[in-house]
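J.: Numbering (the numbering used here), first residue to last: 5 to 535. Using N, Cα and C, we set each Cβ at its ideal position, and we do this for glycine too. Because the structure is a prediction, the values reported are computed rather than measured. This is the structure, below, for whatever I ask next.
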């Protein structure tokens with residue numbers, strides 16, 4: 005039988021006891037070495053819209069509740085207690101009460117209490133004196149009326165209406181608890197958490213380091229002594245460094261299907277996990293400025309795309325086509341194929357779609373002798389850049405001459421938030437496979453992450469309606485209605501849903517890749533190195 009690693013005499017050990025009673029020592033711990041794909045724009049998870057922040061920082065924090073880090077598929081059934089020992093709904097479904105762990109300390113030694121939970125919600129809802137500089141997920145908590153503490157170890161979230169999905173949102177890696185006594189500004193550069201790892205340093209464009217929290221409230225964890233992230237923006241260089249043994253593990257989901265074959269050929273001992281990401285490649289269009297204030301041109305762009313070509317070129321066929329919600333079977337809420345393919349632009353007849361696109365271009369005054377010149381803005385990482393190049397090639401079919409404009413991560417979210425773009429090749433990673441996360445965050449009129457400015461009061465009403473529904477089957481019908489309408493409105497035209505791999509050296513143990521979120525599986529408290 006296998007026993008989990010335990011703290012013994014200052015060293016982390018594990019024992020594998022065979023049926024013959026033969027036992028031997030197994031080393032654990034060590035410093036995990038990972039490359040990081042780019043320079044995070046901030047270390048404050050609550051002010052971030054990228055897993056470039058969440059992946060190195062999730063282990064610094066804890067949530068009230070969290071998705072079980074040893075279970076690959078996130079679902080309401082895999083939510084487990086963390087800073088909250090337990091939680092319970094009121095009879096009317098409008099109050100959610102958490103009983104909190106006692107004896108938990110922040111990394112600076114101060115106690116964690118219900119007051120910190122109240123302060124965190126005050127930050128997220130904008131009701132506190134301290135303010136977040138950016139608040140990408142404020143719309144997640146638009147239904148929160150107030151949060152009250154009953155002593156130091158009990159807190160209640162009071163809602164304006166029922167919202168069964170709230171625990172799912174709180175379990176995301178995007179939902180850590182922040183300390184009352186540390187200003188929001190400090191959390192951007194020197195974060196303080198309660199998690200298994202303490203922040204050590206961030207050297208811009210060089211590295212991020214975290215170290216083991218020796219006073220972690222989950223006794224015996226983490227097993228690692230620390231994690232060192234080295235920033236390596238060039239994917240090819242990073243992969244070669246991994247295969248040479250410089251790194252123990254790749255940056256999650258940076259191993260494309262073509263790269264995976266190279267790794268398995270050159271390093272057959274590598275342990276790789278291929279999963280979906282709950283991450284779509286899509287277009288963002290500036291609807292408030294020419295030329296895409298013209299709905300005909302928005303539709304023309306959508307009709308011009310050969311989505312299967314993106315899948316074949318980028319993923320050698322191993323990716324999914326779908327609507328706004330992650331498609332089945334990886335996702336729970338996605339559109340059935342027959343509804344998805346009936347939406348203009350999403351059917352398989354590319355030649356017919358492009359002929360319709362050219363007619364729309366002619367209507368707008370363009371043609372073989374008058375092309376439309378564009379810049380495709382995209383973020384400076386391969387997940388964005390590679391499909392942007394393909395898009396530029398495909399748009400030539402409808403008389404659009406497009407150049408790719410590469411924007412570094414530190415500027416990307418600011419530029420698109422200010423609508424300093426015309427068309428963008430974007431990827432949208434969803435923190436949770438739930439409509440309340442995706443719809444409210446990306447398509448609500450008031451959301452900071454609604455980069456296109458799409459606003460439809462009819463859709464807003466349907467968002468509120470589905471959010472309060474307790475019957476999943478009935479809720480799914482409304483979710484599908486919303487999804488179909490978003491596609492028809494070209495709110496954020498979807499190209500493909502990505503799949504990719506995480507690879508690690510054979511001595512990396514205890515890591516489980518999430519199959520439906522790029523944001524939830526990075527606590528690393530169950531990982532150790534067996535070498």
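What are the boundary residues of the alpha helix (DSSP H) that residue 319 is part of?
T.: Within the chain shown, numbered from 1, the residue matching residue 319 stands at position 315. Where residue 319 is concerned, the enclosing alpha helix (DSSP H) stretches over 311-319.
J.: Could you work out which residue in 370, 524, 441 is closest to residue 144 when comparing CA atoms only?
T.: For the purposes of this step, residue 144 is taken as residue 140 along the chain shown, with counting starting at 1. The candidate whose alpha carbon is nearest that of residue 144 is 441.
J.: Taking the DSSP output, what are the residues bridged to residue 377?
T.: Position 373 of the chain shown holds residue 377. Answer is 405.
J.: At the level of alpha carbons, what is the spacing between residue 470 and residue 230?
T.: Here residue 470 refers to the residue found at position 466 of the chain shown. Here residue 230 refers to the residue found at position 226 of the chain shown. Their Cα atoms are separated by approximately 43 Å.
J.: Buried or exposed: which applies to residue 338, given that a residue is buried once 16 or more other Cβ atoms fall within 10 Å of its Cβ?
T.: As a working note, residue 338 is residue 334 in the chain shown. Buried, by the Cβ-count rule.
J.: Is residue 471 helix, strand or coil when you go by DSSP?
T.: Within the chain shown, the letter at position 467 stands for residue 471. Looking at residue 471 - three-state DSSP - the assignment turns out to be helix.
J.: Take the Cβ of residue 142 as the centre, count every other Cβ of all protein chains shown within 10 Å, and call the residue buried at 16 or more, exposed below.
T.: Translated into positions along the chain shown, residue 142 becomes position 138. Residue 142 comes out buried.
J.: At the level of alpha carbons, what is the spacing between residue 416 and residue 392?
T.: Against the chain shown, residue 416 aligns to sequence position 412. Against the chain shown, residue 392 aligns to sequence position 388. Approximately 15 Å between the Cα atoms of the pair.
J.: Which one of 238, 213, 226 has the shortest CA to CA distance from residue 232?
T.: As a working mapping, residue 232 is identified with position 228 in the chain shown. Out of 238, 213, 226, 213 has the C-alpha closest to the C-alpha of residue 232.
J.: Quick one: give me the first and last residue of the beta strand (DSSP E) that residue 495 is part of.
T.: Position 491 of the chain shown holds residue 495. Bounds of any beta strand (DSSP E) do not take in residue 495, whose DSSP letter is neither H nor E.
J.: Classify residue 27 as buried or exposed, calling it buried when 16 or more other Cβ atoms lie within 10 Å of its own Cβ.
T.: Within the chain shown, the letter at position 23 stands for residue 27. Its pLDDT being 31, under 50, residue 27 is placed unreliably in this model, and the coordinates cannot settle the point.
J.: Could you round the C-beta distance between residue 433 and residue 420 to whole angstroms and report it? I think they count as a contact, below 8 Å.
T.: Working through the chain shown from its first residue, we reach residue 433 at position 429. Working through the chain shown from its first residue, we reach residue 420 at position 416. The Cβ separation is near 15 Å, so there is no contact.
J.: Between the alpha carbons of residue 120 and residue 191, how many angstroms are there, rounded?
T.: The sequence position of residue 120 within the chain shown is 116, counting from 1. The sequence position of residue 191 within the chain shown is 187, counting from 1. One C-alpha to the other measures close to 14 Å.
J.: Look at the Cβ atom of residue 208, then the Cβ atom of residue 55, and state whether they are nearer than 9 Å.
T.: In the chain shown, the residue the question calls residue 208 occupies position 204. In the chain shown, the residue the question calls residue 55 occupies position 51. Against a cut-off of 9 Å, the Cβ pair of residue 55 and residue 208 comes out as no contact.
J.: Which whole-angstrom value is the C-beta distance of residue 384 and residue 413, which I expect to be below 8 Å?
T.: Residue mapping note: residue 384 aligns to position 380 of the chain shown, counting from 1. Residue mapping note: residue 413 aligns to position 409 of the chain shown, counting from 1. About 6 Å separates the two Cβ atoms, so the contact holds.
J.: Assuming residue 58 contacts residue 87 under a Cβ cut-off of 8 Å, what Cβ separation, rounded to an integer in Å, is found between them?
T.: Translated into the one-based positions of the chain shown, residue 58 becomes position 54. Translated into the one-based positions of the chain shown, residue 87 becomes position 83. At roughly 18 Å, the Cβ-Cβ gap does not stay under 8 Å, so residue 58 and residue 87 are not in contact.
J.: If you draw a straight line from the C-alpha of residue 62 to the C-alpha of residue 522, how long is it?
T.: Walking along the chain shown from the start, residue 62 turns up at place 58. Walking along the chain shown from the start, residue 522 turns up at place 518. Rounded to whole angstroms, residue 62 to residue 522 spans 12 Å at the Cα level.
J.: On the three-state DSSP scale, how would you describe residue 50?
T.: Taking the chain shown and counting its residues from 1, the one referred to as residue 50 is at position 46. The answer is helix: DSSP assigns residue 50 an H, G or I state.
J.: Determine the burial state of residue 324: buried for a count of at least 16 other Cβ atoms within 10 Å of its Cβ, exposed for fewer.
T.: The residue given as residue 324 occupies position 320 in the chain shown. Under this definition residue 324 is a buried residue.
J.: I'd like to check one pair, residue 501 with residue 387: are the Cβ atoms closer than 9 Å?
T.: Within the chain shown, numbered from 1, the residue matching residue 387 stands at position 383. Within the chain shown, numbered from 1, the residue matching residue 501 stands at position 497. For residue 387 and residue 501, no; Cβs fall outside 9 Å.
J.: Comparing C-alpha positions only, which one of 175, 197, 122 sits nearest to residue 152?
T.: Counted from its first residue, the chain shown places residue 152 at position 148. Looking at the Cα atoms, 122 is the closest of the given residues.
J.: Sort out for me which residues DSSP pairs residue 233 with in a bridge.
T.: Looking up residue 233 in the chain shown gives position 229. The partner list for residue 233 (beta bridge, DSSP) reads 38, 212.
J.: Give me the Cβ distance between residue 195 and residue 70, rounded to the nearest whole Å; I'm assuming they're in contact under 8 Å.
T.: Taking the first residue of the chain shown as position 1, residue 195 is located at position 191. Taking the first residue of the chain shown as position 1, residue 70 is located at position 66. Rounded, the Cβ-Cβ distance is 17 Å, inconsistent with contact.
J.: Starting from the N-terminal side, write out each stretch of the alpha helix (DSSP H) that is 4 residues or longer and does not extend beyond the region 326-403.
T.: Whole alpha helix (DSSP H) segments, 4+ residues: 341-344, 354-367, 386-399.
J.: Using the Cα positions of residue 305 and residue 124, report the straight-line distance between them to the nearest angstrom.
T.: As a position in the chain shown, residue 305 is number 301, starting the count at 1. As a position in the chain shown, residue 124 is number 120, starting the count at 1. The straight-line gap from Cα to Cα measures roughly 41 Å.
J.: Starting from the C-beta of residue 274, find all residues in its chain whose C-beta is less than 6 Å away, skip the five residues before and the five after it, and write them out in chain order.
T.: For the purposes of this step, residue 274 is identified with residue 270 of the chain shown, where counting begins at 1. 267, 507.
J.: What does the alpha-carbon distance come out to for the pair residue 279 and residue 520?
T.: Within the chain shown, numbered from 1, the residue matching residue 279 stands at position 275. Within the chain shown, numbered from 1, the residue matching residue 520 stands at position 516. Roughly 8 Å separates the two Cα atoms.
J.: Run through the region 111-174 for me and flag every whole beta strand (DSSP E) of 3 or more residues, listed as ranges in chain order.
T.: Listed in chain order, they are 148-153, 158-163.
J.: Hey, how far is the Cα of residue 76 from the Cα of residue 363?
T.: The count along the chain shown starts at 1 and reaches residue 76 at position 72. The count along the chain shown starts at 1 and reaches residue 363 at position 359. Residue 76 and residue 363: Cα-Cα distance of roughly 46 Å.
J.: Does the region 237-248 come within contact of the region 34-42, defined as at least 3 CB pairs closer than 8 Å?
T.: yes
J.: On a Cα-Cα basis, can you pick out the residue from 438, 489, 110 that is closest to residue 476?
T.: As a position in the chain shown, residue 476 is number 472, starting the count at 1. For residue 476, the nearest C-alpha among the options comes from 438.
J.: Taking the beta strand (DSSP E) that residue 285 falls in, what are its first and last residues?
T.: Here residue 285 corresponds to residue number 281 of the chain shown, with the count starting at 1. Taken as a continuous stretch (DSSP letters only), the beta strand (DSSP E) holding residue 285 covers 275-289.
J.: Quick one: measure Cβ to Cβ for residue 138 and residue 445, integer angstroms, because I've assumed they're closer than 8 Å.
T.: For this step, residue 138 is matched to residue 134 along the chain shown. For this step, residue 445 is matched to residue 441 along the chain shown. With 8 Å as the limit, residue 138 and residue 445 do not qualify as a contact, their Cβ atoms being about 13 Å apart.
J.: Is the Cβ-Cβ distance between residue 317 and residue 380 less than 9 Å?
T.: Residue mapping note: residue 317 aligns to position 313 of the chain shown, counting from 1. Residue mapping note: residue 380 aligns to position 376 of the chain shown, counting from 1. Not a contact, by the Cβ cut-off of 9 Å.
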